[in-house]
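Positions 791 to 921 (the working numbering) are the ones given, in order, by the sequence shown.
Read the structure below first, then the notes.
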Amino acid sequence: MDAARARGPAWPSWLVASTAGAQQNALVQTGLIPNLNGLTEVDDDDRMVQPWNISVDRVEDMDLSSPPAQKIAEVEELLQPPSGRITASVVEIDVPGADEREVVVGVDQVNLQGERLTTGLTADQLRTMPN
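Structure, rendered in structure tokens:
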């Protein structure tokens, strides 16, 4: 195993920033964001994402909409803890007036309706999440 793999993954800046501080802990406790400790990117594009029963490859790059069918983000990648169960997604906020940035949304906050991913989260809630 090479030295880089032995150290583990290089954490993206959004993940490092979002794991620090009381704001992140409060959001975890309210259920708005998942606990980010130990999460890594899912590399197997053919793996099935439960409970949606579609592949990681299909989920990545899907739009995330909030009622009434307003696109608020795009799924960039999926995350898993050491147990291997996919628990979170990294989404890029895509709403007018918002800075382009990525936030973590738990898969329990997302539903598959036909060919669309939806969430009860609003664009304003995504904007206030730590990046």
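Beta carbons: idealized from backbone N, C-alpha and C, even for Gly.
N-terminal and C-terminal residue of the alpha helix (DSSP H) that residue i is part of
{"i": "ALA913", "result": "913-918"}
Candidates the options, of which the one nearest residue i by Cα
{"i": "ASP898", "options": "ALA913, ARG875 and VAL832", "result": "ARG875"}
Nearest-angstrom Cα separation, counted from residue j out to residue i
{"i": "ALA863", "j": "ARG906", "result": "12 Å"}
{"i": "ARG917", "j": "ASP836", "result": "31 Å"}
{"i": "GLU866", "j": "PRO858", "result": "22 Å"}
{"i": "PRO841", "j": "ARG891", "result": "27 Å"}
{"i": "THR908", "j": "ILE844", "result": "15 Å"}
{"i": "GLY828", "j": "ASN921", "result": "17 Å"}
Residue interval of the beta strand (DSSP E) (run including residue i)
{"i": "VAL853", "result": "Inspection of the sequence shows that residue 853 is occupied by Asp rather than by Val. From DSSP, the beta strand (DSSP E) with ASP853 extends over 853-856."}
{"i": "VAL832", "result": "Counting along the chain, VAL832 falls outside any beta strand (DSSP E), and DSSP gives it neither H nor E."}
Beta carbon of residue i nearer than 8 Å to that of residue j
{"i": "LEU868", "j": "VAL846", "result": "yes"}
{"i": "SER924", "j": "ALA913", "result": "This structure cannot settle anything about residue 924, because the visible part of the chain is limited to 791 through 921."}
{"i": "ASP853", "j": "LYS861", "result": "yes"}
{"i": "VAL894", "j": "VAL880", "result": "yes"}
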